[in-house]
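Presented below is the structure to which this report refers.
Residue numbers (the numbering used here): 13 to 140.
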């Protein structure tokens, strides 16, 4: 499960859209349920950790400025996805799509560097 969910966020790095029709590309992913502010922040950080970890594994210079996130970031991601599924009742596929959409949003907005300091603090507070 952990590999599946973590990898789902990394799928956002692929340049091939899931659907190729112009109408599908114009419509952003809408999650099946609204998340609490806490879960939303954890989702954002999970996506950021997945993207940074992917960059670190591929020797991306920007990603290497952050602490190694392979183990701790992955565990944070897995726990966050499990918490979101427990809280909302959504399945793995919806949770993975939500993580993928958030990762894509972070990439497109260029917000990774802005969210990482707060996310690292959240990671430290998690005890992982």
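Glycine included, every Cβ here is placed at the ideal spot set by N, Cα and C. The structure presented is a predicted model; accordingly, all values stated were derived computationally and were not measured.
- Leaving aside the five residues that flank residue 131 on each side, the residues in its chain whose CB is nearer than 6 Å to its CB run, in chain order, 57 and 60.
- Residue environment analysis places residue 114 among the buried positions, since at least 16 neighbouring C-beta atoms fall within 10 angstroms of its C-beta.
- Residue burial is scored here from C-beta neighbours: residue 140 has fewer than 16 other C-beta atoms within 10 angstroms and is therefore classed as exposed.
- Judged by DSSP secondary structure, residue 140 falls outside any alpha helix (DSSP H); it is assigned neither H nor E.
- Using a Cβ distance threshold of 9 Å, residue 45 and residue 124 do not count as a contacting pair.
- For residue 134, the closest C-alpha among the options 116, 107 and 92 is that of 92.
- Here residue 118 is buried, its C-beta having at least 16 other C-beta atoms within 10 Å.
- When the Cα atoms are used, residue 52 and residue 77 turn out to be separated by approximately 25 Å.
- Take residue 74, set aside five residues on each side of it, and the residues of its chain with a beta-carbon closer than 7 Å to its own are 67, in chain order.
- Taking C-beta separations shorter than 6 Å and ignoring five residues to either side along the sequence, the partners of residue 85 in its chain run 61 and 65, following chain order.
- By the CB criterion at 9 Å, residue 107 and residue 97 fall inside the cutoff.
- Pairing residue 89 with residue 55, the inter-Cα distance amounts to about 8 Å.
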